[in-house]
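Visitor: Just dropping this structure here.
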Amino acid sequence: MSAFKRDKKEEEDGGGNPFQNLEKTAVLQETRSFNETPVNPKKCTHILTKILYLINQGEQLAPREATDCFFATTKLFQSKDVILRRMVYLGIKELSSTADDVIIVTSSLTKDMTGKEDLYRAAAIRALCSITDATMLQAVERYMKQCIVDRNAAVSCAALVSSLHLTSTAGDVVKRWANEAQEALNSDNIMVQYHALGLLYHIRKSDRLAVSKLVNKLTRQTLKSPYAACMLIRIASKLIEEEDQNSGTLQDSPLFDFIERCLRHKSEMVIYEAAHAIVNLKRTGPRELAPAVSILQLFCGSPKATLRFAAVRTMNKVAMQHPAAVTACNLDLEGLITDSNRSVATLAITTLLKTGAESSVERLMKQIATFVAEISDEFKVVVVQAIRALCSKFPRKHPVLMNFLSGMLREEGGLEYKTSIVDTIITIIEENPDAKEAGLSHLCEFIEDCEHTSLAVRILHLLGKEGPYSKSPSRYIRFVYNRVILENATVRAAAVAAMAQFGASCPDLLHNILVLLSRCQMDTDDEVRDRATYYQTILKSADPNLSKTFVTHDMKISLPLLEKALKEHLNGPVNERFDLSVVPNTAPVQEETHNDAMIVTNSVPKAPKITREEANAEKLSQIPGIQRLGPLHKSSLPVQLTESETEYTVSCIKHCFAHHMVFQFDCVNTLSDQLLENVRVELVLPDGFIARAVIPCGKLPYSEMGSTYVIVEFPNDVPSSVATFCATLKFIVKDCDPATGQPDSDEGYDDEYILEDLEITVADQVQKAKKSNFVAAWDAADTEDWVEAEDTYALSAVSTLQEAVNTILKFLGLSAASMSEKVAEGTHTHTLLCSGIFRGGAEILVRSKLALADGVNMQLTVRSTDADVAELITSAVG
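The sequence shown begins at 155 in my numbering and counts up one residue at a time.
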């Protein structure tokens, strides 16, 4: 073991990276030293270190180079030096993926893994499994089984982890090692037990019953390894999440009882894992949350910084969904504000911001300001997220919060950090009309020195959308035109579009805007020149409808579907004009609620969000003649028409077009001894509806999903479009062999299955369309082109204003404007403003005045471009 010790002189010679300027060619030339006799262990170890360094730095070796290097490395097996031998194993592992004929060392590695030298065995197992494929694995299967149950913990762990890696290439072979892994699970070594549980779960994870049996067995005994206990908690949490939501409360689950028992474990690691698991369960309520929060509260006073950080980070997350549960811990969190660890202090303050009272906001913001410059961008983003939630909770505090955000904008920081601040300011502006002027001013100051093109373009777009409706639109023109003079072509083009918005919406500024656009026509970039010419021509025409259609109106077209439609058009007869109306409009994407306030450090770009309509368009395109129906207006969420335990399960997705509804019935056959053919759904149509087509599902084998479609045409009378349909599933049944799925004979018999009734509601026909400035849109709708309908209702089914707001939005399928969907606590009146687009393109604006008395009273005012649509909305609510 003395070979592992470093000389004192080596320890003192620090400073710099000795491998910083390595060249691949020179290092490969040095491998010739591996052929020397006798082998120089120290020299060869140093060369192997260089090779491994280059590979791990991303240096690519050609197959020929890797093969030569690999075979040179194998000659070092003759050395008995411990360090060199272990470096050889590492070299074989790294080179095996690129080099050819690596199986030549199998016998040497097999000899080492079964030898008496324990220092070699574990590394030899890892190297052997990295070069072994499924066909060769059976030759060493016996040795692997022996190593899994070996008395040496390092050897057993190496065999278990290597087996886990092999499941991706030879899963069937590794499954045969389950008995040995089960034996290793009883080991006294904590790491062997942990790795054994990991392998057993991986072998059985596709069989839910087998996993349940494993977990139920282990929860009745005490695992010695805290790592294994943590993994068991995670597996149990996953099983709880997969349970039927209607199976009862969490308190009734034996797996949840096990997780709760782990809160009293002797290991702090297991206690925290259990608390973290309870917090993350979707069905966790205040009752289940209480013991976990108590544990986290105790950890807040721990002398260990890691425990304090873990506790406050998890409480930060709890505060998003259950702020009342964390309020009891505010005293402990106050003590962490001055914590020496700035990360802990940041999370403590942001948690207090979510749970504290309105009166404490300014004090907490001052405390953040004292050290915000010292923390990393990741934690600054957490602060910004807390401020965003705070602005929604306490709208009157926007001046303090906005000033703090503008100060953060002026500091140094990366794109992600600056983007989070800009997003927050934009959200505040959209939700709180009182904050608009201050927010736009702060953003105007920021783009004067903004170095990020994407942010500058977003802010210019916002200025064009909100600036014309501000108290003094002219003050923003200077900031916009400065971008034309000082910025790159992308920003200049965005600035031209923003100026055109001012010209179209502010007649008194039109002359000045035309002068500025004429100057932009001399720009060096063709995109900027073309935009300037395009907008100037439209604005000079003085046609309000033209300006509304091509300047102020924001066309919400699905870009992926537009690209697809253009490609299909180019593949067809080019002499025909492209019809833009065939491209579906995009409904606003519902942002996912991020419950996790943990720090995200990976930089993997997020996949672009797509709407439900975009996701369904590809499948619908397979229906013959579907293009004749026009663009897809809206797709509903799946509606279950059967119980989940029945022989056949059917769900329905309603696809709404301008004049048609396409019912997509997704069917699953749960009987293994039956094959269904010619599967279709028969609907009993109400008066006025016309069946246009039924597309059956040809075959429906066991456990596979198949889809059948019914296309119906809406009645001409719009109010009659809300209706109920009786549905029956019809099919031909053929008995078959459960093992093969092949029918016993070609003959079958007709059968049918009664489904739940199916409804077309108002919400199925309305697409959400949020108005950036609802008040301006409402005032503009007070013309002859719009129809107004008004009525008063008593909402007996709801007892609170917030419940009434949620019910109205869900029932009508409209998008709420600003913060009108949030009812302030303690208020007895509320005005809900919402908007949308009815099938066919009719716009809808709704103002609902709510008052809390003996129930909820509502005065509903509807403005629409179609009288029938306005009548439908008012009659449907009644």
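Just so it is clear, CB atoms sit at the ideal spot from N, CA and C, and this is done for glycine as well.
Contact defined as beta carbons within less than 8 Å: I believe V259 pairs with I246. What is the distance between those atoms, to the nearest angstrom?
Guide: Confirmed, Cβ separation roughly 6 Å.
Visitor: For S1029, name the three-state secondary structure that DSSP assigns.
Guide: If DSSP states are grouped into helix, strand and coil, S1029 belongs with the helices.
Visitor: In this structure, what does DSSP give as the bridge partners for L883?
Guide: DSSP output for L883 lists V835 and Y907 as bridge partner(s).
Visitor: Exposed or buried, G990, counting other C-beta atoms within 10 Å across all chains shown (16 or more means buried)?
Guide: Buried is the call here.
Visitor: Can you list, in chain order, the residues of its chain whose CB lies under 6 Å from that of T221, leaving out five sequence neighbours each side?
Guide: A253 and D254, listed in sequence order.
Visitor: Rounded C-beta distance between L563 and F533? I'm assuming under 8 Å.
Guide: Going by Cβ atoms, the distance from L563 to F533 rounds to 17 Å, so no, they are not a contact pair.
Visitor: Kindly indicate the opening and closing residues of the alpha helix (DSSP H) around L724.
Guide: That run of the alpha helix (DSSP H) goes L713 to N725.
Visitor: Would you mind sorting M859 into buried or exposed? The rule is 16 or more other CB atoms within 10 Å of its CB.
Guide: It counts as exposed.
Visitor: Distance, Cα to Cα, F868 vs V554?
Guide: If I take the Cα positions, the gap works out to 53 Å.
Visitor: Confirm, please, whether the CB-CB distance from C198 to L238 is below 8 Å.
Guide: In this structure, C198 lies closer than 8 Å to L238 by Cβ.
Visitor: Take the Cβ of T524 as the centre, count every other Cβ of all protein chains shown within 10 Å, and call the residue buried at 16 or more, exposed below.
Guide: Under this definition T524 is an exposed residue.
Visitor: Ignore the nearest five residues each way along the sequence and tell me which others in Q794's own chain have a CB closer than 7 Å to its CB.
Guide: Taken in chain order, the residues that qualify are S805.
Visitor: For S805, does the three-state DSSP call read helix, strand or coil?
Guide: In this structure, S805 counts as strand in the three-state DSSP scheme.
Visitor: In chain order, what residues of the same chain lie with their CB nearer than 6 Å to the CB of T268, ignoring the 5 residues before and after it?
Guide: The answer, listed in chain order, is Y297.
Visitor: Mind the definition here: the segment 340–359 touches the segment 305–324 only if three or more C-beta pairs lie below 8 Å; say whether that holds.
Guide: Touching, yes.
Visitor: Less than 8 Å between the beta carbons of K590 and S628, yes or no?
Guide: Cβ atoms of K590 and S628: not closer than 8 Å.
Visitor: Can you have a look at A1007 and say buried or exposed, based on whether 16 or more other CB atoms are within 10 angstroms of its CB?
Guide: With fewer than 16 Cβ atoms within 10 Å of its Cβ, A1007 is classed as exposed.
Visitor: Quick one: what's got a C-beta closer than 7 Å to T264's C-beta in the same chain, skipping five residues either side?
Guide: The residues are L282, V294 and Y297.
Visitor: Assign P742 to one of three DSSP states: helix, strand, or coil.
Guide: Unreliable placement is indicated for P742, whose pLDDT of 45 sits below 50; no coordinate value is reported for it.
Visitor: Does DSSP classify I753 as helix, strand or coil?
Guide: For I753, the predicted structure reports a pLDDT of 32, less than 50, and the residue's modelled location is therefore unreliable. A value from the coordinates is still provided. The answer is coil: DSSP assigns I753 none of H, G, I, E or B.
Visitor: Taking the alpha-carbon of G1009 as reference, which of E957, P380 and N770 has the nearest alpha-carbon?
Guide: Of E957, P380 and N770, the residue nearest in Cα terms is E957.
Visitor: Can we say the segment 1009–1026 touches the segment 869–877, given the rule of at least three CB pairs closer than 8 Å?
Guide: Verdict: yes, contact present.
Visitor: Would you mind sorting K808 into buried or exposed? The rule is 16 or more other CB atoms within 10 Å of its CB.
Guide: Buried, because 16 or more other Cβ atoms sit within 10 Å of the Cβ of K808.
Visitor: Applying the criterion that 16 or more other CB atoms from any shown protein chain within 10 Å of the CB defines a buried residue, is V498 buried or exposed?
Guide: Label assigned to V498: buried.
Visitor: Indicate whether I285 and V256 have their beta-carbon atoms separated by less than 8 Å.
Guide: Contact flag set, yes.
Visitor: Select from T460, V916 and S953 the residue whose C-alpha is nearest the C-alpha of N495.
Guide: Nearest option by C-alpha distance: T460.
Visitor: Cutting at 6 Å between CB atoms, please list the residues of its own chain near W932, excluding the five before and the five after it.
Guide: Taken in chain order, the residues that qualify are L999.
Visitor: Which one of I394, C454, Y426 and K229 has the shortest CA to CA distance from R437?
Guide: R437 has its Cα closest to that of I394, out of I394, C454, Y426 and K229.
Visitor: Please give me, in chain order, every unbroken run of the alpha helix (DSSP H) with length at least 4 that falls completely inside the segment 921–1001.
Guide: The qualifying runs are 928–934 and 955–966.
Visitor: If you follow the beta strand (DSSP E) that N1011 is in, where does it begin and where does it stop?
Guide: Note, N1011: beta strand (DSSP E), G1009 to S1018.
Visitor: Excluding the 5 residues preceding and the 5 following I639 in the sequence, name in chain order all residues of the same chain whose CB lies nearer than 6 Å to its CB.
Guide: Hits under 6 Å: none found.
Visitor: Let's see if you can read the secondary structure: which residues bound the alpha helix (DSSP H) around N557?
Guide: N557 -> alpha helix (DSSP H) spans H552 to L563.
Visitor: Output needed for R280: all residues of its chain with C-beta closer than 6 Å, excluding positions within five of it in sequence on either side, in chain order.
Guide: These residues qualify, in order along the chain: A312 and S316.
Visitor: Spell out a yes or no on whether the segment 892–901 and the segment 914–928 are touching, meaning 3 or more CB-CB pairs, one atom from each, closer than 8 Å.
Guide: The segment 892–901 is not in contact with the segment 914–928.
Visitor: Among residues of its own chain, excluding the 5 on either side of L993, which ones have a beta-carbon nearer than 6 Å to its beta-carbon?
Guide: The identity of residue 993 in the sequence shown is Arg, whereas the question assumes Leu. Contacts found: H787, C810, A812 and Q919.
Visitor: Quick one: residues in its chain with C-beta nearer than 8 Å to the C-beta of E334, no 5 flanking neighbours on either side, listed in chain order?
Guide: Taken in chain order, the residues that qualify are K299, I302 and V303.
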